Amino acid sequence: MNGLLKILGVLALLTAMTGLAGCGSQPPKDSNNQTRKEVLNNQQTVAVLLPDIAQVTLKDGKSKSGRLTALTQKQIEITPGGGSSVSIPIDKIKDKKVTFEGQVKFVSNGVLKIRGEDKTKPVLDNWERIPLSDFKLQNPDTAEVKITSLDKTKQKGIQQVAANSGFRLEEMQLDSAGGKMTLKVTAFDK
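Taking mature numbering (1 follows the signal peptide of the UniProt record, and there is no 0), I'd label the letters of the sequence shown as residues -21 to -1, 1 to 169.
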């Protein structure tokens, strides 16, 4: 019996030592599962949600509204509800400004969510001197904005907010001559 206890003691000691030996080693890296910090550091684009209505006032005093469906260096395209698309040269837009109003739609945790207009005074964040070519419409509700033209501090702040929140586009200030734009966005909880 005494011999059996010694053998069991040695086995228990060996098992404990084997388990402890692996404690200091790094877990295997899963290339498909990056840490949140790595994702933030590698992220160069940010999704921006587009409200239902893009409002444009022309230099002749007329206005056009509808969903923003295209943006190029020289013109924007708006599709009114139920109508055909209208191309508007940027140089015909008063103050070269497009404002957005209405709802935004997005999916969070597999559930479709709709956010209406915020009647409070939201805090606007200006993303200045974004090249027009860095704004890519993904679908009628979303655009991807490449933020590499912004300074590193601004990029980091945007990425940190984007990790837990979304951005809603409020206004575009276009500069077709310089090929740049300023985006005014607000952050919201998903």
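Ideal Cβ placement from N, Cα and C applies to all residues, glycine included.
Just so it is clear, the structure is predicted and the values come from calculations on it, not from any experiment.
Rounded to the nearest angstrom, what separates residue i and residue j at their Cα positions?
i, j, result
"residue 38", "residue 55", "15 Å"
"residue 121", "residue 130", "24 Å"
"residue 147", "residue 137", "13 Å"
"residue 76", "residue 153", "6 Å"
"residue 165", "residue 73", "23 Å"
"residue -4", "residue 28", "Low local confidence applies: a pLDDT of 48 at residue -4 is under 50, so the model's placement there is unreliable, with the coordinate-based value given in what follows. In a straight line, the C-alpha of residue -4 is about 53 Å away from that of residue 28."
"residue 47", "residue 157", "21 Å"
"residue 106", "residue 126", "8 Å"
"residue 43", "residue 35", "5 Å"
"residue 155", "residue 110", "10 Å"
"residue 8", "residue 139", "Annotation note: pLDDT 42 at residue 8 (below 50); position unreliable, coordinate value reported separately. For residue 8 and residue 139, the distance between alpha carbons rounds to 24 Å."
Could you tell me which residues DSSP puts in a beta bridge with residue i?
i, result
"residue 125", "24"
"residue 68", "54"
Label residue i either buried or exposed according to how many other C-beta atoms from any shown protein chain fall within 10 Å of its C-beta, with 16 as the threshold for buried.
i, result
"residue 175", "Nothing in the structure corresponds to residue 175, since the chain is present only between -21 and 169."
"residue 30", "buried"
"residue 144", "exposed"
"residue 90", "The predicted model places residue 90 with a pLDDT of 48, which falls under 50 and marks its position as unreliable; any figure quoted below should be read in that light. The residue is exposed, with fewer than 16 neighbouring Cβ atoms inside 10 Å."
"residue 179", "Residue 179 falls outside the range modelled here, since the chain spans only -21 to 169, and no answer is possible."
"residue 12", "Note that residue 12 scores a pLDDT of 37, beneath 50, so its modelled location is shaky and nothing firm can be said."
"residue 49", "exposed"
"residue 141", "buried"
Kindly give me the distance between the Cβ atoms of residue i and residue j, rounded to whole angstroms, as I take these residues to be in contact under 8 Å.
i, j, result
"residue 124", "residue 24", "6 Å"
"residue 59", "residue 40", "Actually they do not touch by this definition, with Cβ atoms about 18 Å apart."
"residue 67", "residue 57", "7 Å"
"residue 149", "residue 133", "No, residue 149 and residue 133 are not in contact; Cβ-Cβ is about 17 Å, not under 8 Å."
"residue 33", "residue 79", "6 Å"
Identify every run of the beta strand (DSSP E) within the region 24 to 53, keeping only runs that are complete inside it and at least 3 residues long; order them along the chain. At a cut-off of 3 residues, the continuous stretches assigned as beta strand (DSSP E) that sit fully inside the region 24 to 53 are 24 to 28, 32 to 37 and 42 to 50.
Can you give, in chain order, each stretch of the beta strand (DSSP E) that sits fully within the region 111 to 163 and has at least 3 residues? Those beta strand (DSSP E) runs which fall completely within the region 111 to 163 and span 3+ residues are 114 to 118, 121 to 125 and 144 to 154.
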